[in-house]
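Colleague: Below you'll find the structure I mean.
2 protein chains.
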Amino acid sequence: MMGGMSKQPKYRQVADALRREIDSGTYGPGARLPSEAELSTRFDASRNTIRSGLSLLVSEGLISSSQGLGYEVRKHEVFVLNASKFENLSFPQNGDAYSTDVTNAGRRPHQTFRVELTTAPEYIAERLTVDAGSRAVLRFCHRFVDDVPWSTQATHYPDWLVERAPRLTEPGDIAEGTTRYLAGLGIEQVGYADEIATRMPTPEEARLLEIGAGVPVLLWTRTGYSPERPIRCTITTFRGDLNRMNYEIGDLSARSENEPQ
Amino acid sequence: MMGGMSKQPKYRQVADALRREIDSGTYGPGARLPSEAELSTRFDASRNTIRSGLSLLVSEGLISSSQGLGYEVRKHEVFVLNASKFENLSFPQNGDAYSTDVTNAGRRPHQTFRVELTTAPEYIAERLTVDAGSRAVLRFCHRFVDDVPWSTQATHYPDWLVERAPRLTEPGDIAEGTTRYLAGLGIEQVGYADEIATRMPTPEEARLLEIGAGVPVLLWTRTGYSPERPIRCTITTFRGDLNRMNYEIGDLSARSENEPQ
DNA sequence: TTGCTCAACTTGTTGGTACAAGCTGATGTG
DNA sequence: CACATCAGCTTGTACCAACAAGTTGAGCAA
């Protein structure tokens, strides 16, 4: 019976059925799903089995749950980030650029800032071509949009650079921007290498970005180069469900006419 | 007692303890974790509670489980993909380039290929500036490295282009490459826009890429432009745990000396 | 030696129960 | 009316039990 298809476990059948109904619009973005008890009746399965099915959809990022409220279909509102704009050659979204962008989009920006004297972890040291464990300055930024955590940004500067640019250790934003400050000292960033990766958040990241289950993070590492050597390495961590990155390369004159914003 | 820290549920304590031990190297990449029964004794918790803790680590992508074998710490072997190399302006990893790259890395490439006459889904239609639902040709590629599924690639060509370039509908690879073929017809790709996003895989993607729980996919959309209008849109889906993307922009002469490969 | 069987391990699935804890609206008191 | 309380919903945590199903190695048979 049932068409001879492979016999799926019951919790999977539950997940598949609900996923179909979500995809087909029976439950649209933001809609509330029936309670575990109701689903238990409908599928003739125990609450545990229903929960297994639901938790599958949660870890797929399709729905989320809150105690006392129920399950609801996640709504995705993405923010597109243009990583190849020329003004960003200098720095991925410096403080001012970020505030301006967000305000222009009709949203309310907010950020906290911190400077730390630390040692370069291996990953950073490799990219700055310094010894792992050597001293470095970390400028850390935690960004919000409409009070929703959006991204964290950690920029590491190598020891030798800090000696020539002591204001990098100043707590608080540098008014003219770190790039202009460095340029004024004759240290010009002439190129960068970006690396993009994704994975599930660490508990620390999940806390800072208020990420629920089933949402990956997008990791953006930008290493900036002077003509002689790397001068900084920035790791930006985004909520994967809220962000997308853009690179535009070559002649795109055929594009701009049709694009909004 | 216990230092007055917030009282975490037991399954979380289990996950945290094991995560610490994995991070600290007690269980290295590929190592097998103690069985549920052993952990049950160690933490004085029921098997279900232990399973809750373990499934947390699974959905973080830290470990994986197989029936009959146990849980093991995932090993991450990443493949770096340079998206801004000039030869890739024409096409993200055309068939030959892919085979060459993989062979050079001492691995064994393998791919299956398919051509379909279809209608453009909304997402594609937007980027090709054609009407959603209008006819399009889809060239689909499923790639493996050492028989491990690596990526899927779906390239859509708009109807008007296919009329001028009928060989696009040929099943099987086009020997000289689609880009050269199109260039020979006077259709030159002069720029592209890349979009990068991440999310958890759909069941279909999980099947094709053999992705377990806790591994996101990396979505790479490249829209190629002629001087007049978009000519193709390629969506490549990568396993997030096996791939990383690179963009190099500007003068990186200070870099090459130190980089391997 | 070779090859098969099977016991003993592992995780996977499904059922049950009980209580904790978060949320909402009805109810009743001031 | 304003406000506190609480019943009744929701999901979260934790336990128990039983059997299914995949894997491995010991041990026996040919």
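Heads up: the sequence lines are chains D and S, in that order.
Residue 1 is where the first sequence starts when you use this note's numbering, and the numbers rise one by one after that.
Residue 1001 is where the second sequence starts when you use this note's numbering, and the numbers rise one by one after that.
The beta carbon of each residue, even a glycine, is placed where N, CA and C say it ideally should be.
List the endpoints of the continuous alpha helix (DSSP H) containing T1198/S.
Modeller: Run containing T1198/S: none in the alpha helix (DSSP H); it sits in the beta strand (DSSP E), 1191-1199.
Colleague: Can you give me, in chain order, the residues of the region 184-196 of chain D that have a beta carbon less than 7 angstroms from any beta carbon in chain S?
Modeller: V190, G191, Y192, A193, D194, E195, I196
Colleague: Which value, in whole angstroms, describes the spacing of the CA atoms of E1205/S and T1198/S?
Modeller: 13 angstroms
Colleague: Determine whether the Cβ of A136/D lies closer than 9 angstroms to any Cβ atom of chain S.
Modeller: no
Colleague: Taking Y1157/S as the reference, which of A1125/S, G1186/S, Y1011/S has the closest Cα?
Modeller: A1125/S
Colleague: Determine the closest residue to S1226/S out of S1151/S, E1210/S, T1129/S, with distance taken between C-alpha atoms.
Modeller: T1129/S
Colleague: Does I22/D get closer than 9 angstroms to chain S when you measure Cβ to Cβ?
Modeller: At a cut-off of 9 angstroms between beta carbons, I22/D makes no contact with chain S.
Colleague: Is the beta carbon of L62/D less than 9 angstroms from the beta carbon of R74/D?
Modeller: Yes, the pair counts as a contact, with Cβ atoms nearer than the cut-off.
Colleague: So what does DSSP say about A1136/S, is it helix, strand or coil?
Modeller: strand
Colleague: Between V102/D and chain S, is any beta-carbon pair separated by less than 9 angstroms?
Modeller: no
Colleague: Going by DSSP in three states, G106/D sits in which element: helix, strand or coil?
Modeller: coil
Colleague: Hey, does P92/D have any beta-carbon neighbour from chain S nearer than 9 angstroms?
Modeller: Low confidence applies here, because P92/D scores a pLDDT of 49, under 50, leaving its location unreliable and the question unanswered by this model.
Colleague: Quick one: does D44/D have its CB under 9 angstroms from some CB of chain S?
Modeller: Not closer than 9 angstroms to any Cβ of chain S, the Cβ of D44/D fails to qualify, so no.
Colleague: Indicate the three-state DSSP secondary structure (helix, strand or coil) for R32/D in the structure shown.
Modeller: strand
Colleague: Check the Cβ-Cβ distances between E1072/S and every residue of chain D, and say whether any is below 9 angstroms.
Modeller: no
Colleague: Just to make sure I have the definition right: I need the residues of chain D whose C-beta is within less than 7 angstroms of the C-beta of T1198/S. Which are they?
Modeller: T198, P216, L218, G240
Colleague: Starting from A1132/S, find everything on chain D with Cβ-Cβ shorter than 8 angstroms and list it in chain order.
Modeller: Those do not exist, as A1132/S stays about 14 angstroms from chain D at its closest Cβ, beyond 8 angstroms.
Colleague: Beta-carbon of D1251/S versus every beta-carbon of chain D: anything under 9 angstroms?
Modeller: So, interface residue.
Colleague: Can you say whether D147/D is buried or exposed, counting buried as having 16 or more other CB atoms within 10 angstroms of its CB?
Modeller: It counts as exposed.
Colleague: Measure the alpha-carbon distance for Y98/D versus L138/D and round it to whole angstroms.
Modeller: Those two C-alpha atoms are separated by around 19 angstroms.
Colleague: Any beta carbon of chain D sitting closer than 9 angstroms to that of Y1157/S?
Modeller: no
Colleague: Going by DSSP in three states, Q1008/S sits in which element: helix, strand or coil?
Modeller: coil
Colleague: Rank T202/D, F43/D, G30/D, A193/D by C-alpha distance to the C-alpha of N1082/S and give the top, closest one.
Modeller: A193/D
Colleague: Counting only runs of 3+ residues fully inside the region 199-241 of chain D, write out the beta strand (DSSP E) ranges in chain order.
Modeller: 217-225, 230-239
Colleague: Alpha carbon to alpha carbon, how far is L219/D from R167/D? Give it in angstroms, no decimals.
Modeller: 27 angstroms
Colleague: Mind listing which residues of the region 1047-1068 of chain S have their C-beta closer than 7 angstroms to chain D's C-betas, in chain order?
Modeller: S1059, E1060, G1061
Colleague: With 16 other CB atoms within 10 Å as the buried threshold, where does R1239/S fall?
Modeller: buried
Colleague: At a CB-CB cut-off below 9 angstroms, which residues of chain S make contact with Q29/D?
Modeller: One point to set straight first is that residue 29/D is Pro, not Gln, in the sequence displayed. Near P29/D there are no residues of chain S at all, since even the closest Cβ is about 14 angstroms away, more than 9 angstroms.
Colleague: Looking at C-alpha atoms only, which residue of P109/D, G106/D, A105/D, G133/D is the closest neighbour of T118/D?
Modeller: G133/D
Colleague: Who are the Cβ neighbours of L1089/S in its own chain at under 6 angstroms, not counting the five residues just before and after it?
Modeller: Annotation note: pLDDT 46 at L1089/S (below 50); position unreliable, coordinate value reported separately. Nothing meets the Cβ criterion.
Colleague: Since Y11/D and G53/D are thought to touch, with beta carbons under 8 angstroms apart, how far apart are those beta carbons, to the nearest angstrom?
Modeller: Going by Cβ atoms, the distance from Y11/D to G53/D rounds to 4 angstroms, so yes, they are a contact pair.
Colleague: Excluding sequence positions up to five away, which residues of its chain have a Cβ less than 8 angstroms from the Cβ of P1092/S?
Modeller: Model confidence at P1092/S stands at a pLDDT of 49, short of 50, so the residue's coordinates are unreliable; what they give is reported in the following sentence. Cβ neighbours of P1092/S beyond the five flanking positions: A1083, Q1153, W1220, R1222, T1234, T1236.
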